[in-house]
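Colleague:
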Amino acid sequence: MNAAAALADLAARYWAFERIENGLGAFLAGDDAGDPVLFRESAGDYARRDRAAADFLDELDQIARGMLNAKDAATHALLERELRLIRDNFALDAHLRPSLLPVGPDFNTVFFANAVTLTDAAAADLYVDRLSRFPAFLGDVRANLLEGHARGIRYPRIVLEAASRNTSAIAGAAPEASPWFAPFAKSPIAGSPQLARAVEQALSIIAEHLIPALRAHADLIAGPLMEGARETVSCRHGPGGGGWYALLVRQFTTTDMIADEIHALGLAEVSRIEAAMAALAGESGFGDDLPGYRHFLTTDPQFIAADSNALRERVEILCKRIDAKIPAYFSRIPRITYGVDVAPAAMSASLPPAYAQPAPSGGASAGIFWVN
Numbered sequence: 011m012n013a014a015a016a017l018a019d020l021a022a023r024y025w026a027f028e029r030i031e032n033g034l035g036a037f038l039a040g041d042d043a044g045d046p047v048l049f050r051e052s053a054g055d056y057a058r059r060d061r062a063a064a065d066f067l068d069e070l071d072q073i074a075r076g077m078l079n080a081k082d083a084a085t086h087a088l089l090e091r092e093l094r095l096i097r098d099n100f101a102l103d104a105h106l107r108p109s110l111l112p113v114g115p116d117f118n119t120v121f122f123a124n125a126v127t128l129t130d131a132a133a134a135d136l137y138v139d140r141l142s143r144f145p146a147f148l149g150d151v152r153a154n155l156l157e158g159h160a161r162g163i164r165y166p167r168i169v170l171e172a173a174s175r176n177t178s179a180i181a182g183a184a185p186e187a188s189p190w191f192a193p194f195a196k197s198p199i200a201g202s203p204q205l206a207r208a209v210e211q212a213l214s215i216i217a218e219h220l221i222p223a224l225r226a227h228a229d230l231i232a233g234p235l236m237e238g239a240r241e242t243v244s245c246r247h248g249p250g251g252g253g254w255y256a257l258l259v260r261q262f263t264t265t266d267m268i269a270d271e272i273h274a275l276g277l278a279e280v281s282r283i284e285a286a287m288a289a290l291a292g293e294s295g296f297g298d299d300l301p302g303y304r305h306f307l308t309t310d311p312q313f314i315a316a317d318s319n320a321l322r323e324r325v326e327i328l329c330k331r332i333d334a335k336i337p338a339y340f341s342r343i344p345r346i347t348y349g350v351d352v353a354p355a356a357m358s359a360s361l362p363p364a365y366a367q368p369a370p371s372g373g374a375s376a377g378i379f380w381v382n
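Taking the working numbering, the leading residue of the sequence shown gets 11, the next gets one more, and so forth.
1) Per DSSP, I378 forms a beta bridge with which residues?
2) Checking 9 Å against the spacing of the C-beta atoms, do H247 and R161 come in under that value?
3) Thinking just about the alpha-carbon of each residue, which of D116, I199, A146, Q72 is nearest to the one in A181?
4) Are Y348 and F313 close, meaning C-beta to C-beta below 9 Å?
5) State the beta-bridge partners of P166 as determined by DSSP.
6) Say yes only if the C-beta of E210 is nearer than 8 Å to one or more non-hydrogen atoms of the ligand GTP, and no if none qualify.
7) Can you tell which of V126, A101, D55 has the C-alpha that lies nearest to the C-alpha of G44?
8) Note down the Cα distance separating L136 from S142, rounded to an integer number of angstroms.
9) Indicate the three-state DSSP secondary structure (helix, strand or coil) for F340 in the structure shown.
10) Can you tell which of T263, S318, N154 has the C-alpha that lies nearest to the C-alpha of G54?
11) How is N32 classed by DSSP in three states: helix, strand or coil?
12) Are the beta-carbon atoms of F27 and A64 separated by less than 9 Å?
13) Less than 9 Å between the beta carbons of A369 and N382, yes or no?
14) Hey, L213 and P189: beta-carbon distance below 9 Å or not?
15) Please identify the residue among D98, H219, A83 whose C-alpha is closest to the C-alpha of F147.
16) Would E186 count as contacting chain C if we go by Cβ distances under 9 Å?
Take a look at the structure:
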């Protein structure tokens with residue numbers, strides 16, 4: 011088998027593996043494996059992925075990149091990066107310090123529910139099956155958090171307080187008004203006999219299993235994890251913090267810059283933006299009073315929507331104006347549409363001002379621009 015064929019075979023086998031290990035990712039990529047387990051977060055799951063990544067890397071190392079064309083060489087490099095990230099994360103016990111805010115395990119279940127479209131009974135049955143697995147997923151996260159805490163890993167107090175409030179608020183919704191039931195309400199066959207059984211099962215799972223599991227998750231954050239919580243926010247603090255921070259820098263910047271270099275770049279950018287804002291404040295009649303200009307922008311009634319519906323409508327108008335300008339800047343544009351929605355009030359305090367939820371690649375539902 012030549013190098014290109016060997017790489018194609020390896021990439022295909024890795025994706026088949028990834029479709030099962032990362033069910034949510036496969037769903038969003040439009041290649042849903044149909045597995046009822048979307049989240050595999052136990053310590054055993056991470057160990058299995060680490061072993062598999064080691065085996066894949068051994069195979070990849072046998073494929074000479076110099077024998078590949080440019081496209082295949084890029085595939086080789088990307089595959090190597092993905093596999094090494096799996097190994098590096100496991101080596102640093104990443105599963106013992108999962109993200110809790112703004113993207114935590116509770117958010118991920120809501121993110122999935124927001125992207126689901128139930129077009130028939132089979133889709134509804136699969137969704138209900140997946141809902142039923144969410145409490146076990148939260149149980150695995152709980153076990154990881156407790157193990158990490160026992161090893162000295164501590165979260166910032168400010169993060170734990172916000173995460174606990176956020177999860178408690180999400181769990182406070184009535185089952186029929188919860189985000190996990192929303193796919194039934196927005197289904198094109200909502201109210202039909204095809205969904206009757208699934209609706210009943212979903213409400214039961216949400217009320218009797220998922221919401222109690224989320225409340226237990228909030229209690230864990232507000233209770234045991236709060237013991238010894240850090241007053242600092244840097245992830246450098248604590249066991250393995252320096253290595254963990256360096257890994258995050260590599261993972262999310264895809265550069266060889268070290269953290270201090272990126273921090274210096276950030277400070278320089280803040281200074282540049284501050285200077286530009288100061289110039290704009292002067293042009294707007296505020297002279298050199300930048301704090302006053304900021305106060306004006308955040309408090310003057312002309313800049314504040316009357317309510318969440320007015321905010322959504324204003325953003326919808328702006329988005330449509332922006333759509334007309336996109337082809338001037340980008341040559342490849344997704345064909346799928348997107349809509350604007352307002353983040354649920356229960357989650358809004360702990361979310362950023364806005365975030366984008368991409369549409370599943372299968373095109374079953376639109377993307378969402380969530381506004382806080």
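Every residue, glycine too, gets a C-beta built ideally from N, C-alpha and C. What you are looking at is a predicted structure, and each value in this text was computed from that prediction instead of being measured.
Modeller: Inspection of the coordinates gives the following:
1) Looking at the DSSP output, I378 sits in a beta bridge with G349, Q367.
2) It is not a contact, given that the beta carbons lie outside the stated cut-off.
3) The shortest C-alpha separation from A181 is found at D116.
4) Cβ atoms of Y348 and F313: not closer than 9 Å.
5) Beta-bridge analysis with DSSP links P166 to R240.
6) Because no ligand of any kind appears in the structure shown, any question about the ligand GTP cannot be addressed here.
7) Answer by Cα proximity: V126.
8) Pairing L136 with S142, the inter-Cα distance amounts to about 10 Å.
9) In the structure shown, F340 sits in coil (DSSP, three-state: anything other than H, G, I, E or B).
10) Of T263, S318, N154, the smallest CA-CA separation from G54 is found for N154.
11) Strand at N32.
12) The Cβ atoms of F27 and A64 lie no closer than 9 Å to each other.
13) In this structure, N382 does not lie closer than 9 Å to A369 by Cβ.
14) Going by C-beta atoms, L213 is not nearer than 9 Å to P189.
15) Looking from the CA of F147, the closest CA among D98, H219, A83 belongs to H219.
16) Protein chains in the displayed structure number just one, and chain C is not present.
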